[in-house]
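Student: All residue numbers for the sequence shown refer to the numbering used here, where the first residue is 9 and numbers rise by one.
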Amino acid sequence: MSAHYVIVGAGIHGLSTAWHLARELRASGRGDGRDILIIDKTGVGAGASGIACGVIRNNYFQPAMRELMAHSVSIWESDPAGFSYHPVGYLQISHEAMRDDVASIHDQQKAIGYRSTFVEGAGASRTYLRSIFDDWRAENITSVLHEGQGGYANNLASLEGLRSRTEAEGVRLVPGATQEDFVRDASGAVTAVVTDRGRIACEQVVVATGPWVRRQWAMLDLPAVTRVLGPDGTHHEAATWTYWALQEGTLRVDPGFLVDNDGNMPPVVHVDTDAPLCDERGLVTDEPWGLYYKPDFHFGGVQGGCVPDRVERPASDVAVDPYGPASPDFSVGNEFHRTFAAALAFCQKRFEGKASLMSREPSGGIGCFTPDSFPVFDTFADNVYFIADSNHGYKMIGVGALVARELMGRRQALLEPFRYSRYAEGRLHPVSNSPFPWS
Ligand SMILES: Cc1cc2nc3c(=O)[nH]c(=O)nc-3n(C[C@H](O)[C@H](O)[C@H](O)COP(=O)(O)OP(=O)(O)OC[C@H]3O[C@@H](n4cnc5c(N)ncnc54)[C@H](O)[C@@H]3O)c2cc1C
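(1) Let me know the beta strand (DSSP E) ranges lying completely inside the stretch 339–414, each 3 residues or longer, listed in chain order.
(2) Give me the Cβ distance between W144 and L153, rounded to the nearest whole Å; I'm assuming they're in contact under 8 Å.
(3) Any heavy atom of ligand 1 within a distance shorter than 7 Å of the CB on S324?
(4) At 3 residues or longer, what runs of the beta strand (DSSP E) sit wholly inside the stretch 153–211?
(5) Grab the span of the beta strand (DSSP E) containing E256 for me, first residue to last.
(6) Is N399 near ligand 1, judged by its Cβ being under 7 Å from some heavy atom?
(7) With a threshold of 16 other CB atoms inside 10 Å of the CB of H114, please say whether the residue is buried or exposed.
(8) To the nearest whole angstrom, what separates the beta carbons of S195 and D390, a pair I think is in contact under 8 Å?
(9) C376 to A432, Cα distance in whole Å?
(10) Using CA atoms only, rank isn't needed, just tell me which of K403, S442, P445, D229 is closest to H21.
(11) With a CB to CB cut of under 7 Å and the five nearest residues on each side skipped, what residues in its chain are close to A216?
(12) Near P95, which residues of its chain fall below 8 Å by C-beta distance, leaving aside the five closest residues on each side in sequence?
(13) Counting only runs of 3+ residues fully inside the stretch 73–124, write out the beta strand (DSSP E) ranges in chain order.
(14) The alpha helix (DSSP H) that contains T450, what's its start and end?
(15) Kindly indicate the opening and closing residues of the beta strand (DSSP E) around G312.
(16) In terms of DSSP beta bridges, what is D142 paired with?
(17) Regarding E424 and ligand 1, is the C-beta to nearest heavy atom distance less than 7 Å?
(18) Where T258 and V392 are concerned, what is the direct C-alpha to C-alpha distance, given to the nearest angstrom?
(19) With a cut-off of 8 Å on the beta carbons, I'd call V261 and L365 a contact; round off their distance for me.
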């Protein structure tokens, strides 16, 4: 078998890249979707994209992330029904330590024409939030960033929207084919992808394997440890790939239980605070904590998550199969259920006494992160393009469009800040005061 382009992985990035690349090829007269083959060891949505909470926001402290996100949001907005996208907006509700960071996010959103409102001060924040939810009561909140764009999308439905677009362009999709190795020529470029169903000769590979990315990285003998030039001018070494267990779950109430004061679907709510969190059993935590949630008919309740847990197991072990037999170790447990339910009740009175409604179904999942927790979009071994989004990239549906242009030979300014060389050269993204590794 052969194909000019082989894409490994049928998640949000593999599918989006295939769709946009097929359109680029057709428009340029240099080919069409039949030149592209996607393989997936399982099938569409078998990885992180198929379990993602689906939040789409622009609330990033890093200017390069914000511009990238504005581009992706424009793609979500181009066909809300086709991508099962709900443009309900997004609330970043913060405690004092984050106020300046979020103020600067708002300023820079204004500068790029991204619609948002910023409210400052404890009283003004409470009044603003009560105008949305009359039972709002979270403590230690001194700012609110309300993004008028963004919201959330339904994970598998949006992938289905992308899959049907790729098929309409003639792209071939082969589920049940696991990529096991690369064949390389004397220069190091890849000439074929080896799968458990045979070899596929190719000119260009795109690796979009989400939390499994370390495997393809190792197959190309790329470094397990990355040299990073820090702001103090000295180098240090960091593991190239680390893993976090995303803590997510669903409170089994009717999703209509969480409408706004006008009876409409509310914005996605994200809260970060340093107020102690308690429930009827006592103190849950006195560390700064965070929570995000939304009513979701797809998940069947009020769904969301808390700050993820760092996975301390060796990267080589986790990378074998993040969602395989070992993954029960990483499923969320009682501690998460307690925290999520307490945090909901901390924010809104309507959730008081509802902890017993937390779903006990397995939920959450493993994410693979880079040394600075921001994406790496770059080419290695001459012709292997890695899309490694550091596990906050379901929202980044537009990255595939930008990668497709780069594969056509047009470098994209929006992707430049995400090259791997930034670590050695010290071109790092600014670090925020958020407790989440991806903000
Ligand atoms: C619980 C959870 C919640 C999340 N919530 C959000 C959110 O709200 N918003 C957000 O923006 N991001 C979120 N993320 C992150 C987001 O889901 C990922 O960043 C994104 O989906 C990664 O997409 P991908 O296409 O790179 O990889 P994936 O969706 O993981 O797809 C990779 C595919 O590659 C296939 N594959 C792997 N290895 C091989 C191989 N050797 N051969 C062939 N196929 C292979 C897999 O079967 C899989 O289908 C969340 C992640 C998790 C785990």
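Virtual Cβ for every residue (Gly too), placed ideally from N, Cα, C.
Here the structure is a predicted model, which means the values were calculated and not measured.
Tutor: To lay it out plainly:
(1) 373–377, 384–388, 392–396
(2) Not really, about 16 Å apart at Cβ, beyond 8 Å.
(3) no
(4) 159–161, 180–183, 187–192, 198–203, 206–209
(5) 250–259
(6) yes
(7) buried
(8) 7 Å
(9) When rounded, the distance between both Cα atoms is 20 Å.
(10) K403
(11) I15, V16, G17, G19, H21, G22, T25, I395
(12) Closer than 8 Å at Cβ, skipping near neighbours: W84, E85, P88, Q157, G158, G159.
(13) 98–102
(14) Coverage of the chain is limited to positions 9 through 447, which leaves residue 450 absent and any answer about it impossible.
(15) 309–318
(16) Answer is none; D142 lacks a bridge partner.
(17) no
(18) 38 Å
(19) Sure, about 6 Å apart at Cβ, within 8 Å.
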